[in-house]
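Numbering (the working numbering), first residue to last: 440 to 737.
Where a beta carbon is used, it is the ideal one built from N, C-alpha and C, also for glycine.
Accompanying notes for the structure given below.
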């Protein structure tokens with residue numbers, strides 16, 4: 440059976456590449472994966488799978504019932520793209536201005552479709568049921584997985600038991616082709632988006648003493664937050680805080696009223712994650728207070 444699957448994988452490989460390039464040309468943002476969902480639905484139906492559309496809006500679930508009784512397994516891929524302008528010059532580059540598959544979800548989706556192709560060929564040898572879950576809205580917190588679960592993708596259905604296991608996948612370019620990375624416990628870090636609005640007092644750039652400069656305060660907050668991971672996180676716990684955006688609506692000679700910080704916090708330990716939430720707020724608010732400014736954490 441393993442040899443047959445390997446042979447089938449070699450056979451469907453060109454089709455999977457073509458599917459991936461089609462998806463790459465037509466990326467869609469989180470919650471807007473309508474064309475992608477339609478394509479996935481058509482491809483699954485062509486394989487003879489039962490297809491459920493509209494799971495949390497644009498989610499799609501294809502079901503393959505095997506020829507023998509057995510457990511239910513769920514395989515999952517994400518479908519959404521990012522608000523990035525593609526400049527690769529590839530002949531299959533994005534045709535949707537300002538949107539690009541830059542996180543590999545086109546690869547994830549096409550790979551899962553390839554898996555469906557292979558298992559559909561060997562349906563009679565499949566023991567139990569396989570659910571192919573195509574998740575929308577992965578790039579935005581809290582993500583589509585939570586809502587698809589609430590709508591029943593992990594429940595027993597149509598005489599089949601609830602999934603005994605669920606497998607997600609993510610491209611990892613530093614792994615050698617043909618290998619799969621696994622590890623005990625968590626594999627991918629949690630992600631929390633962080634937003635901070637710093638309030639000051641606007642003024643003229645020539646008279647900073649008469650203002651409370653929110654840009655300066657925001658910069659101090661960014662610096663102070665570096666202690667969250669370097670001094671407050673246990674050394675054995677992987678964790679990263681990155682502020683990727685600082686925005687202020689001032690001018691070359693104007694101190695603005697507010698500044699805004701945006702970023703992400705990632706952790707591999709839930710206990711530390713929730714403790715870090717409180718510490719993050721404490722650092723932000725006390726740093727702002729020390730400079731006679733205000734700070735609102737979202």
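Segment limits, alpha helix (DSSP H) that includes residue i
| i | result |
| --- | --- |
| residue 455 | 441-464 |
| residue 564 | Looking at the DSSP string, residue 564 is not in any alpha helix (DSSP H), and its letter there is neither H nor E. |
| residue 722 | 709-729 |
| residue 603 | No alpha helix (DSSP H) holds residue 603; the beta strand (DSSP E) holding it covers 602-607. |
| residue 483 | 473-485 |
| residue 590 | From DSSP, residue 590 is part of no alpha helix (DSSP H); its letter is neither H nor E. |
| residue 553 | 544-560 |
Exposure label - residue i; buried when at least 16 CB within 10 Å
| i | result |
| --- | --- |
| residue 518 | buried |
| residue 529 | exposed |
| residue 570 | buried |
| residue 722 | buried |
| residue 643 | exposed |
| residue 459 | buried |
| residue 710 | exposed |
| residue 446 | exposed |
| residue 694 | buried |
| residue 595 | exposed |
| residue 450 | exposed |
| residue 657 | buried |
| residue 708 | buried |
| residue 497 | buried |
| residue 612 | exposed |
| residue 624 | exposed |
| residue 524 | exposed |
| residue 576 | buried |
| residue 686 | exposed |
| residue 573 | buried |
| residue 727 | buried |
DSSP bridge partner residues for residue i (one or two, in chain order)
| i | result |
| --- | --- |
| residue 760 | Summary: the structure shown does not reach residue 760, with the chain confined to residues 440 through 737, and so no result is reported for it. |
| residue 634 | 701 |
| residue 733 | 638 |
| residue 507 | 566 |
| residue 629 | 706 |
| residue 539 | 521 |
| residue 693 | 643 and 690 |
Range of the contiguous beta strand (DSSP E) that encloses residue i
| i | result |
| --- | --- |
| residue 662 | Per DSSP, residue 662 belongs to no beta strand (DSSP E); it is in the alpha helix (DSSP H), 653-666. |
| residue 492 | 489-494 |
| residue 685 | 678-687 |
Contact belief for residue i with residue j at Cβ below 8 Å, rounded distance in angstroms
| i | j | result |
| --- | --- | --- |
| residue 488 | residue 503 | 5 Å |
| residue 659 | residue 716 | In fact, because the Cβ distance is near 21 Å, the residues do not count as touching under 8 Å. |
| residue 690 | residue 653 | With 8 Å as the limit, residue 690 and residue 653 do not qualify as a contact, their Cβ atoms being about 14 Å apart. |
| residue 587 | residue 495 | 5 Å |
| residue 593 | residue 513 | 7 Å |
| residue 506 | residue 563 | 4 Å |
| residue 441 | residue 557 | Their Cβ separation, rounded to whole angstroms, is 12 Å, which puts residue 441 and residue 557 out of contact at 8 Å. |
| residue 732 | residue 651 | 5 Å |
| residue 522 | residue 499 | 22 Å between Cβ atoms; not a contact. |
| residue 566 | residue 509 | 3 Å |
Closer than 7 Å to chain C by CB, residue i
| i | result |
| --- | --- |
| residue 675 | Looking at the structure shown, chain C is missing, and only one protein chain is on hand. |
Residue i beta carbon near the ligand SAM (any heavy atom closer than 6 Å)
| i | result |
| --- | --- |
| residue 594 | Ligands are entirely absent from the displayed structure, and the ligand SAM is therefore not among its contents. |
Inset, instruction - Check whether the segment 694-703 touches the segment 669-684, counting contact only when three or more Cβ pairs, one atom from each stretch, lie closer than 8 Å. - result: Here the segment 694-703 makes contact with the segment 669-684; the two share three or more CB pairs at distances below 8 Å.
Inset, instruction - Decide if the segment 593-608 is in contact with the segment 533-543; the criterion is three or more beta carbon pairs, one per stretch, under 8 Å apart. - result: No: the two stretches stay apart, fewer than three of their Cβ pairs being nearer than 8 Å.
Legend entry - the segment 509-523 in contact with the segment 466-485 per 3-pair CB rule at 8 Å: Judged by Cβ distances under 8 Å, the segment 509-523 makes contact with the segment 466-485, as three or more pairs qualify.
Legend entry - Given 8 Å, three or more beta-carbon pairs between the segment 541-556 and the segment 595-602: No contact exists between the segment 541-556 and the segment 595-602.
Inset, instruction - Taking 8 Å as the threshold, find out whether the segment 608-628 comes into contact with the segment 663-674 through three or more Cβ pairs. - result: Per the Cβ contact rule, the segment 608-628 is not in contact with the segment 663-674 (fewer than 3 Cβ pairs under 8 Å).
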